[in-house]
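Sequences listed follow chains A and B, in order.
Taking the numbering used here, I'd label the letters of the first sequence as residues 113 to 813.
Taking the numbering used here, I'd label the letters of the second sequence as residues 113 to 813.
Below is one structure, written out as C-alpha cells; comments come after it.
2 protein chains.
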Amino acid sequence: MDLSSVMNPKSIVLVGASTRDHTIGHDLLHRLIDYGFQGDLYLVNPKGGVLEGREVYTSVSALPDGIDLAIIAINAKYMLDTIDQCHERGIKGIVVISAGFKETGAEGLALEKALTERVHQYGMTMVGPNCLGVVNTNPAVRMDGCFAETLPRRGDIGFVSQSGALGGGILNILKDLGIGFAQFISIGNQADVNAASAIEFWENEEDVHQILLYMESILDPKAFRKLATRVSKKKPILALKAGRSAAGASAASSHTGSLAGADKAADALLRQSGVIREKSLSDLFSSAKAFSLCPLPKGDRIAIITNSGGPAIMATDAVEDFGMQMAKLSDETKETLRSFLPSAASVKNPVDMIASAPLEHYRRTLETVIADDGVDMILTIYLPFLGLKDTDVANAIMDIRAKHPEKPIVGVFMTTQEFFSSLADKNVTVPFYMYSEEGIAALDRLNRQRKWVEKPEGRIERFAVDQEKAKAIIAGADAESRDTLTTKESIALLDAYGVRVCRSALAKTEDEAVAIANSIGYPIVMKMTSKTTSHKTDVGGVRVGIASEEALRREYRDLIAKLTERGLDKGLEGVLIQEMVKSSREMVCGLATDPQYGPMIMFGLGGVFVEVLKDISFRIAPLTDQDASEMVRSVKAWKLLEGVRGLPRAQTDKIEETLLRLSQLVTDFPRVSELDINPLMISDKDGEAIAVDARVKLAKA
Amino acid sequence: MDLSSVMNPKSIVLVGASTRDHTIGHDLLHRLIDYGFQGDLYLVNPKGGVLEGREVYTSVSALPDGIDLAIIAINAKYMLDTIDQCHERGIKGIVVISAGFKETGAEGLALEKALTERVHQYGMTMVGPNCLGVVNTNPAVRMDGCFAETLPRRGDIGFVSQSGALGGGILNILKDLGIGFAQFISIGNQADVNAASAIEFWENEEDVHQILLYMESILDPKAFRKLATRVSKKKPILALKAGRSAAGASAASSHTGSLAGADKAADALLRQSGVIREKSLSDLFSSAKAFSLCPLPKGDRIAIITNSGGPAIMATDAVEDFGMQMAKLSDETKETLRSFLPSAASVKNPVDMIASAPLEHYRRTLETVIADDGVDMILTIYLPFLGLKDTDVANAIMDIRAKHPEKPIVGVFMTTQEFFSSLADKNVTVPFYMYSEEGIAALDRLNRQRKWVEKPEGRIERFAVDQEKAKAIIAGADAESRDTLTTKESIALLDAYGVRVCRSALAKTEDEAVAIANSIGYPIVMKMTSKTTSHKTDVGGVRVGIASEEALRREYRDLIAKLTERGLDKGLEGVLIQEMVKSSREMVCGLATDPQYGPMIMFGLGGVFVEVLKDISFRIAPLTDQDASEMVRSVKAWKLLEGVRGLPRAQTDKIEETLLRLSQLVTDFPRVSELDINPLMISDKDGEAIAVDARVKLAKA
C-alpha cells in the first residue's frame with residue numbers, strides 16, 4: 113500500500129482545529145506548528161476566524177484543491193460528509209483521529225463500514241478511525257500529527273501502534289530512553305491501513321531501518337505473513353503482541369472489538385514471518401536500541417569484559433539461557449591481555465579486569481578482544497570505582513566502536529540514572545543498559561535476526577497426491593451429512609495424500625478379520641470404525657497386541673457383543689485389522705483451524721503426554737520446508753527422535769514430509785477443519801513414522 | 113550470630129585512614145564523617161599526624177580501650193599483627209576491607225585461614241576480608257563504613273552482598289530508585305560473617321523489615337536453611353543467586369574462589385527455606401519496593417484499573433503467567449462503577465475508564481474496587497492524557513492507600529522518567545512501576561510471601577525401618593570393596609527402608625527361575641544382577657513380558673549364553689525373577705549428593721523421558737512432609753498422576769512417603785551418595801507406586 117499521501121504530505125488540512133485547551137483539535141494544531149511541518153498547513157472549523165495567525169476555513173469544501181492529507185478530529189456523525197468533501201477537493205490521504213466507530217458497538221460498526229467503503233470507492237488511504245495520529249520526523253517533512261505528550265525525536269524506527277493511548281505512552285518512554293523514530297502510525301481500528309500496509313510501505317522508505325509493532329490482533333494474517341516474511345529479511349521487525357493469555361485475550365477483545373485470535377496461532381505466524389516477538393515493552397525498547405546502533409553479528413560467540421565478577425556471572429547465565437555461546441579467546445588474545453592486566457585479573461572469558469581497572473585497561477582490553485576472530489559480539493560491563501567516570505568509559509567504548517564498526521558492542525553500566533538521562537540527549541553510538549540480562553537479551557535479538565537473514569527462504573512443495581480419492585471421501589461423508597469421517601475414511605484420506613499409514617483392511621465378519629490378520633501377520637491391532645462413534649478408545653473399541661487367530665476370534669466376538677450391548681453397533685462400518693507397530697515413541701500431529709488465522713499444523717509428543725506436557729509446536733498453513741524442519745526440531749521430544757537408549761533415529765525427513773502433506777491437504781481442501789494423527793508411531797525397528805489412527809472433522813460445506 | 117559490635121558500634125577505629133585521593137582509606141574516612149557517624153571515630157595510620165582535624169594514632173596499640181569496631185583497609189601482610197593489636201585493645205568487631213586473601217590463591221588462602229583462626233580464638237566477629245564494608249542508616253548510628261559512590265538512603269531493608277563492586281553498584285541503583293535500606297553488609301570472602309549470620313542478626317533488628325541477598329555461593333547451607341526457614345516467616349527474604357548456568361557457575365568459581373554448588377541444589381535450598389529467588393537485579397529491586405510499601409494480601413485475586421486497554425491486556429497476560437487470578441467484581445461494584453463511568457468504559461475487570469478519565473474517576477473507581485470483598489490486590493494503570501498530571505494521579509492513589517492500608521495497591525505509570533526521578537526524593541507510600549509486567553511481578557512476590565507465611569511448618573517424620581539390614585548390605589559391599597550395590601542388594605536396601613519394591617527373588621539356576629516364576633505368576637520380568645555390570649539394559653540383561661514357563665526357559669538360556677559369550681558371567685550374582693507391573697506411567701526418583709549442598713532427593717517423569725524432558729524436581733535432604741508434597745506437585749507430570757484417560761489416580765501419598773523414606777535413608781547412611789529408582793512404576797491397576805529397578809552407589813567409607 114502506498115502511504116505517501118499520509119506519511120509524506122506536502123500539505124495538510126487539520127479538520128477540527130480548535131483553540132480550546134485540552135481538546136484534541138487544539139493539541140494537534142500546536143503539535144503540527146511546534147514541530148515545524150515543512151509543507152502548507154490549512155485549518156478547518158465551522159466557526160471560521162483566525163487561529164495562530166492562520167485563516168480558518170469553515171468547511172473542507174471551502175479549501176483550495178491539491179491538499180495531500182486531511183487529519184480529522186471531529187464528531188463521528190459528521191465524518192461521512194467530511195470524507196465526501198475531501199473527495200471533492202481531491203484529498204487522498206486521510207487520518208481519522210475521532211472515536212465513535214467499531215469500538216462503540218453495532219451502530220459505530222455500521223458507520224465505520226460506510227466510512228471505509230467510501231474511502232475505498234474514492235481511492236483514498238485512511239489511517240484510523242479512533243487513533244492517535246501519524247508522525248514523520250524526516251527533516252524534509254517534520255509532521256507531528258499526533259496528540260501525544262512530547263515532541264518526537266528523530267531516529268530510524270518505523271513504529272505501528274494499535275492502541276492509541278499506549279502508543280502515546282510509548283512515545284514518551286522512547287524519548288526518555290533516547291530512542292528516536294522515523295515514522296509513527298497509530299492504526300486505531302485499522303479499517304484501511306494496518307500493520308501489513310505499514311510494513312509494505314516502509315520496505316522502501318530509506319530512513320526506516322527497523323519496524324516496531326504493538327498489536328492486539330493481526331488483521332489479514334495472509335498479507336501480514338507475505339509482507340513481513342519479505343521485509344524482515346531486509347529490516348528487522350519487532351512485535352509486541354498483547355493478549356497472550358486466555359484472560360488477556362478476552363480483555364483484548366473487549367477493548368478493541370477485534371477478534372483476538374488464539375495466541376498460539378499469532379505466535380506461529382510471527383515466527384514464520386521472521387518477526388521477533390517481544391514479551392514486554394522494556395524488551396521491545398532494549399532490542400530497538402540495539403538494532404539502531406549495532407551491525408548484525410557474524411555468529412553467536414560472546415565475549416564479556418568487566419571490572420566486577422558479579423554482573424559478568426549474571427551475563428554468563430543469560431548467554432546460556434538464550435542458547436548462545438561464550439567465546440573462547442585465542443591464546444594470543446590471552447597473552448596480550450596478560451601483558452598489561454594485573455595478575456589478579458582473569459584473562460579468560462569473561463575477562464575480569466578487576467575493580468581497580470583504569471580507563472586505559474578498558475581501551476586496551478576492548479581493542480584486544482574485538483580483534484579476536486573467535487569473538488562475534490562484546491558486552492562491556494562497568495561498575496563505578498574510585499575515580500573512574502562512567503562517561504569516560506562510555507566514550508572510550510564509543511571510540512573503539514568507531515574503529516571496529518563490524519562487530520556489535522553493548523555496554524552494561526550499573527551506574528546512576530543521571531548517566532542514562534544524559535545519554536538520551538546525546539548521539540550515542542553504542543547501546544548502554546543498566547543490567548547484564550538486558551545487554552545479553554539485546555545481543556540475542558541481533559543474533560536471532562542474523563539467523564533469520566541467513567536462513568534459506570522456505571519453499572512450498574507440492575507432492576503428487578490422489579486428489580480425486582480425497583474428494584470422493586469427503587463427498588461420501590457429505591452425502592450422509594456427517595461432519596466427522598470414520599476411522600477408515602480418515603486413514604484412507606491420509607493415504608490418498610501420501611501419508612504413511614499402517615497396513616490395514618476392513619473386516620465385516622469374523623472370518624474376514626482372520627483372513628486379513630493372517631495376511632498381515634500377528635500381532636495385530638483390531639479397531640472399530642463407526643459413523644457415529646469417533647472416540648473409539650473410550651468405548652473399548654480398540655484392542656492391541658492380538659497375537660494369534662484364536663485370540664483374534666475371541667476379541668472379535670467380545671467387541672461385537674459389547675458394542676451391541678451398548679447399542680453402538682448401529683453406525684458400525686466394520687472392524688479394521690491393522691499391523692501392530694512396535695513403538696516406544698508416540699508422537700502426535702494434526703491440524704486445527706483458527707477462526708482468524710486459518711488452518712494451523714501441529715506436531716509434538718503424543719499419547720497420554722499431549723495435554724500434560726504440551727510439548728507441541730504450531731505453524732500456520734501452508735507450511736514451507738523450513739517451517740516443517742523447524743517444527744520438528746523445536747519440541748523437546750526432538751532429542752527422542754534423534755535416538756535414545758538403543759532406539760534408532762526417527763526418519764525425521766519423513767515426519768517433515770508428513771507435515772507438509774497435511775499442509776497440502778488443508779490447502780486443497782480447506783473444509784478439513786480438524787485432523788488428529790494420534791499416535792504417529794515411530795517404529796522401534798527402523799524409525800519410520802507411521803500413522804496408526806486418525807480423526808478428521810469437516811467444516812460445513 | 114550477634115553482629116552488634118559490627119553493625120551498632122558506639123565507637124569505630126578506621127585503620128588505614130588516608131589523605132590521598134582515590135584511595136580506599138580516604139574514601140572511607142569521608143564516608144564516615146560525611147554521613148555523620150553518631151559515635152566516636154578514631155583513625156590509625158603509621159604516619160600519624162592530624163586528618164580532618166582529628167588526631168591520627170600511629171598504631172592500633174596506641175588507641176584507648178573500649179572501641180567497638182575496627183574497619184581495616186591496609187596491606188594484607190600487616191593484617192595478623194593488626195588483629196593481635198585489636199585484641200589487646202579489646203576490640204570485638206572487625207571489618208576487613210583489604211583484599212589479598214583467598215581470592216588470590218594458595219598463599220592468600222593460608223593467610224585468610226590464619227586470620228579467621230585468630231578471629232575465632234579472640235572471640236571477635238569479622239566481616240570480610242575483601243569486602244566493601246558495612247552501613248547502618250539508623251539515626252542513632254549513622255555509620256557509612258563503605259566505599260560506595262553515594263551516601264545511603266534510609267529504609268527498611270537489610271542487604272547482604274557477596275560481590276563487593278556489585279554491592280556498590282546496587283547501592284547506587286537503589287538510591288536512584290528511591291529505595292532505602294536499614295543495614296548493608298558486604299560479606300566479601302565471608303570468612304566469618306556470611307548470609308546466614310546476617311539473617312540471624314536481622315531477625316531481631318526492629319528496623320529491618322525485609323532481607324535482600326546477592327549471592328554467588330551459599331556457605332554453610334544447613335545453617336542457612338535453618339535460619340532462613342525461620343526468619344522468612346517473619347520477614348521476606350529475597351535472593352539473587354548468580355551462577356545459574358554451567359558456564360555462569362564456572363565464572364562464579366573463578367571469581368570468588370568459592371565452590372559454586374550445582375544451581376539445582378541452590379534453587380531447592382532457597383525454595384525450602386522460604387526465600388524468594390529473583391533472576392535479575394531489576395526484579396529484586398521491584399520486589400523490594402513492593403515489600404517496603406505494601407501489606408501482604410489475603411489472596412491472589414487481582415483487580416486492574418486503567419485508562420488504556422493495551423497495558424491492561426499486558427497486565428492480564430502477566431497475571432496468568434504467574435498463576436494468579438483476575439478478580440471477579442461483584443454486581444454491586446459494577447453497578448456503582450457504571451453509575452459514574454462513561455458508557456464506553458468497561459466495568460468488568462480490567463476496569464477500563466477510557467483515555468479521557470479525569471482524576472475524579474481514578475479516585476472513585478479505586479475506592480469502589482478496593483471495597484469489593486472479591487479483590488485482594490489492585491494494579492492501577494495511568495497513561496498520560498490531555499491535562500491529567502501523573503503526579504496528581506499518584507497523589508490520589510496514595511490518599512486512598514492511606515485510607516485502605518489493608519490491601520496492596522501498586523501503580524503502573526507509563527510516563528516520563530522525570531516522574532520516577534521526582535518520586536525517588538519523596539516519601540511515597542505506593543510502589544510505582546513503568547511497565548505492567550513489573551507491577552504484576554511485584555504483586556506475585558507479595559502473594560508468594562503470603563502463601564509461604566500461611567503454609568504449615570514442615571515436619572521431618574521418622575518411619576520404622578530395618579536399619580540393621582541396611583547396615584549389613586552396605587557392609588557386604590564394603591567387604592568386597594565395591595562402591596556399587598548389585599540390583600539385588602539395591603532392591604533389598606529399599607525394602608529395608610520400607611519402599612514398596614516389586615515382588616522378586618533370586619534364581620541361580622534355570623529350575624530355580626521357573627519355580628519362582630510359577631509362584632509369582634506370569635508374565636514376569638527377568639533381570640541379571642551383577643557385582644561388575646550395573647548397566648543391565650545396555651548388555652541385554654533385562655527381559656520383560658515373559659509369558660510362560662517355556663518362554664522363561666528359552667530366555668534364561670539365551671541370557672546366560674549371551675553373557676558368557678561377552679565374558680559378563682564373571683560378576684553375575686544370578687537372575688532376578690520379578691512380578692511384571694502393568695504401568696502406563698513411569699516415574700523416577702532418587703538421590704544425588706552435591707559436594708557443597710549435600711544429599712538431594714529427586715522426583716519426576718521417568719523412562720526415556722528423564723533426560724529429554726527434564727520434568728524433575730529436587731529438594732535438599734532431609735525432606736519435610738511439606739517438601740515431599742511440593743516436589744510431587746511441582747512437576748508437570750503431576751497431571752498424569754492425578755489420573756488421565758482411564759488410568760487411576762496414583763497413590764501420591766505413597767509416592768511422597770517413598771521420597772521421605774529415601775531422605776531418611778540418606779540421613780541415616782550418608783554414604784549412600786547416589787540412588788536411582790528408575791522406573792518407579794505407577795500400577796495401572798490401583799495407582800500403587802512400585803520400585804522395579806534400583807541402582808545405589810556408596811561414597812568411600
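For each residue, glycine too, the CB sits at the ideal point set by N, CA and C.
(request) Tell whether a beta-carbon distance below 7 Å holds between residue 667(B) and residue 638(B). (result) Translated into the one-based positions of the second sequence, residue 667(B) becomes position 555. Translated into the one-based positions of the second sequence, residue 638(B) becomes position 526. Yes, Cβ-Cβ distance for residue 667(B) and residue 638(B) is below 7 Å.
(request) Give a yes or no on contact between the region 474-490 of chain A and the region 517-530 of chain A, applying the rule of three or more CB pairs nearer than 8 Å. (result) By the Cβ criterion, the region 474-490 of chain A is in contact with the region 517-530 of chain A, since at least three pairs of Cβ atoms, one from each stretch, lie closer than 8 Å.
(request) Starting from the C-beta of residue 161(B), find all residues in its chain whose C-beta is less than 6 Å away, skip the five residues before and the five after it, and write them out in chain order. (result) Position 49 of the second sequence, counted from the start, is the residue given in the question as residue 161(B). Within the same chain, Cβ atoms closer than 6 Å to the Cβ of residue 161(B) are found at 168, the five residues on either side in sequence being excluded.
(message) Could you tell me the alpha carbon to alpha carbon distance between residue 234(B) and residue 766(B), rounded to whole angstroms?
(response) What you label residue 234(B) is simply residue 122 of the second sequence in a count that begins at 1. What you label residue 766(B) is simply residue 654 of the second sequence in a count that begins at 1. Residue 234(B) and residue 766(B): Cα-Cα distance of roughly 52 Å.
(message) Between residue 371(B) and chain A, is the shortest Cβ-Cβ distance under 7 Å, so that the two count as touching?
(response) One-based indexing of the second sequence puts residue 371(B) at position 259. Because residue 371(B) sits at a pLDDT of 28, beneath the cut-off of 50, its placement in the model cannot be relied upon, and the following sentence gives the value as read from the coordinates. No, its Cβ sits nowhere closer than 7 Å to a Cβ of chain A.
(request) Kindly identify the DSSP beta-bridge partner or partners of residue 641(A). (result) Within the first sequence, the letter at position 529 stands for residue 641(A). In the DSSP output, where bridge partners are listed per residue, residue 641(A) has 686(A).
(request) Just mark residue 202(B) as buried or exposed, buried being the case when its beta carbon has 16 or more other beta carbons within 10 Å. (result) Along the second sequence, read from residue 1 onward, the residue named residue 202(B) stands at position 90. Classification for residue 202(B): exposed.
(message) In the DSSP output, which residue or residues are listed as bridge partners for residue 169(A)?
(response) On the first sequence, position 57 is the one that residue 169(A) refers to. DSSP lists 156(A) as partners of residue 169(A).
(request) Just the C-alpha distance for residue 223(A) and residue 749(B), rounded to the nearest angstrom, thanks. (result) Translated into positions along the first sequence, residue 223(A) becomes position 111. Translated into positions along the second sequence, residue 749(B) becomes position 637. If I take the Cα positions, the gap works out to 52 Å.
(request) Could you give the DSSP three-state label for residue 620(A): helix, strand or coil? (result) Counted from its first residue, the first sequence places residue 620(A) at position 508. In this structure, residue 620(A) counts as coil in the three-state DSSP scheme.
(message) Once DSSP output is grouped into helix, strand and coil, what is the label at residue 189(A)?
(response) Taking the first residue of the first sequence as 1, we reach residue 189(A) at position 77. Three-state DSSP puts residue 189(A) in a helix.
(message) For residue 138(B), count the other beta carbons within 10 Å of its own beta carbon; 16 or more makes it buried, fewer makes it exposed. Which is it?
(response) The residue labelled residue 138(B) in the question sits at position 26 within the second sequence. Buried, because 16 or more other Cβ atoms sit within 10 Å of the Cβ of residue 138(B).
(request) Could you check which residue in 810(A), 702(A), 786(A) and 725(A) has the C-alpha nearest to that of residue 768(A)? (result) Looking up residue 768(A) in the first sequence gives position 656. It is 702(A) whose Cα lies nearest to the Cα of residue 768(A).
(request) Determine the contact status of residue 385(B) and residue 326(B), defining contact as a CB-CB distance below 7 Å. (result) Counting from one through the second sequence, the residue named residue 385(B) turns up at place 273. Counting from one through the second sequence, the residue named residue 326(B) turns up at place 214. In this structure, residue 326(B) does not lie closer than 7 Å to residue 385(B) by Cβ.
(request) Report buried or exposed for residue 304(A), applying the criterion of at least 16 other Cβ atoms within 10 angstroms of its Cβ. (result) Counting from 1 along the first sequence, the entry for residue 304(A) is found at position 192. Residue 304(A) comes out buried.
(message) Let me check one thing: in DSSP terms, what residues is residue 258(B) bridge-paired to?
(response) On the second sequence, residue 258(B) is found 146 positions in, with the first residue counted as 1. Residue 258(B) is bridged to 245(B).
(message) Rounded to whole angstroms, what is the Cα-Cα separation between residue 541(A) and residue 530(A)?
(response) Reading the first sequence from its first residue, position 429 is the one you call residue 541(A). Reading the first sequence from its first residue, position 418 is the one you call residue 530(A). So the two alpha carbons sit approximately 18 Å from each other.
(request) Would you list, in chain order, the members of the region 482-506 of chain B that have their beta-carbon closer than 8 Å to a beta-carbon of chain A? (result) When C-beta distances to chain A are compared with 8 Å, the residues of the region 482-506 of chain B below that value are 495, 496, 497, 498 and 499, in chain order.
(message) To the nearest angstrom, how far is the alpha carbon of residue 192(A) from that of residue 241(A)?
(response) Translated into positions along the first sequence, residue 192(A) becomes position 80. Translated into positions along the first sequence, residue 241(A) becomes position 129. Computed Cα separation, rounded: 12 Å.
(message) When you compare the CB of residue 732(B) with every CB in chain A, is at least one pair closer than 7 Å?
(response) Position 620 of the second sequence, counted from the start, is the residue given in the question as residue 732(B). It does not; no Cβ of chain A falls within 7 Å.
(message) Between residue 331(A) and chain B, is the shortest Cβ-Cβ distance under 7 Å, so that the two count as touching?
(response) Residue mapping note: residue 331(A) aligns to position 219 of the first sequence, counting from 1. Any Cβ of chain B closer than 7 Å to the Cβ of residue 331(A) would place that residue at the interface, and such an atom is absent.
(request) Would you check if the distance between the CB atom of residue 789(B) and the CB atom of residue 811(B) is smaller than 7 Å? (result) Sequence index remark: in the second sequence, residue 789(B) carries index 677 (1-based). Sequence index remark: in the second sequence, residue 811(B) carries index 699 (1-based). No.
(message) So the candidates are 678(B), 631(B) and 663(B); which of them puts its Cα closest to the Cα of residue 691(B)?
(response) Within the second sequence, residue 691(B) is the residue found at index 579, counting from 1. Taking only the C-alpha atoms, the option nearest residue 691(B) is 631(B).
(request) With 9 Å as the C-beta to C-beta threshold (strictly closer), list the residues of the region 543-556 of chain A near chain B in chain order. (result) The residues in question are 546, 547, 548, 549 and 550.
(message) At a CB distance below 8 Å, what residues from the region 679-702 of chain B approach chain A? Give them in sequence order.
(response) Only those residues of the region 679-702 of chain B whose C-beta falls short of 8 Å from the nearest C-beta of chain A are listed: 696 and 697.
(message) Under DSSP, the beta strand (DSSP E) around residue 524(B) begins and ends at which residues?
(response) Within the second sequence, numbered from 1, the residue matching residue 524(B) stands at position 412. Boundaries of the beta strand (DSSP E) harbouring residue 524(B): 521-525, taken from the DSSP string.
(message) So that I know if they touch, is there some Cβ in chain A lying closer than 7 Å to that of residue 748(B)?
(response) Taking the second sequence and counting its residues from 1, one reaches residue 748(B) at position 636. By this cut-off, residue 748(B) is an interface position.
(request) Can you give me the Cβ contacts of residue 437(B) inside the same chain, cut-off strictly under 6 Å, excluding the 5 residues immediately before and after it? (result) One-based indexing of the second sequence puts residue 437(B) at position 325. Here the set comprises 412 and 413.
(message) If the criterion is Cβ atoms closer than 7 Å, does the pair residue 302(B) and residue 331(B) meet it?
(response) Within the second sequence, the letter at position 190 stands for residue 302(B). Within the second sequence, the letter at position 219 stands for residue 331(B). Their beta carbons are under 7 Å apart, which means residue 302(B) touches residue 331(B) by this criterion.
(request) Measuring only between beta-carbons, confirm whether residue 423(A) sits less than 7 Å from chain B. (result) Position 311 of the first sequence, counted from the start, is the residue given in the question as residue 423(A). Nearest CB-CB separation between residue 423(A) and chain B: below the 7 Å threshold.
(message) Just to make sure I have the definition right: I need the residues of chain B whose C-beta is within less than 7 Å of the C-beta of residue 473(A). Which are they?
(response) As a working note, residue 473(A) is residue 361 in the first sequence. Against chain B, the beta carbon of residue 473(A) has no neighbour under 7 Å; the closest one sits roughly 14 Å away.
(request) Mind the definition here: the region 770-789 of chain B touches the region 755-763 of chain A only if three or more C-beta pairs lie below 8 Å; say whether that holds. (result) Remark: fewer than three beta-carbon pairs, one from each stretch, lie closer than 8 Å, so the region 770-789 of chain B and the region 755-763 of chain A are not flagged as touching.
(request) Have a look at residue 369(A) and residue 431(A) and give me their C-alpha separation to the nearest angstrom. (result) If you number the first sequence from 1, residue 369(A) lands on position 257. If you number the first sequence from 1, residue 431(A) lands on position 319. The predicted position of residue 369(A) is uncertain, since its pLDDT is 27 and thus under 50; a value taken from the coordinates is nonetheless stated next. Rounded to the nearest angstrom, the two C-alpha atoms are 40 Å apart.
(message) For a minimum of 4 consecutive residues, which ranges assigned as the alpha helix (DSSP H) are wholly contained in the region 522-565 of chain B?
(response) Segments of the alpha helix (DSSP H) lying fully in the region 522-565 of chain B: 529-536.
(message) Could you compute how far the alpha carbon of residue 141(A) sits from the alpha carbon of residue 399(A)?
(response) In the first sequence, counting from the first residue as 1, residue 141(A) sits at position 29. In the first sequence, counting from the first residue as 1, residue 399(A) sits at position 287. Approximately 33 Å, taken between the alpha carbons.
(message) For chain B, check one thing: does any of its Cβ atoms lie closer than 7 Å to the Cβ of residue 528(A)?
(response) The residue given as residue 528(A) occupies position 416 in the first sequence. Yes, residue 528(A) counts as interfacial toward chain B.
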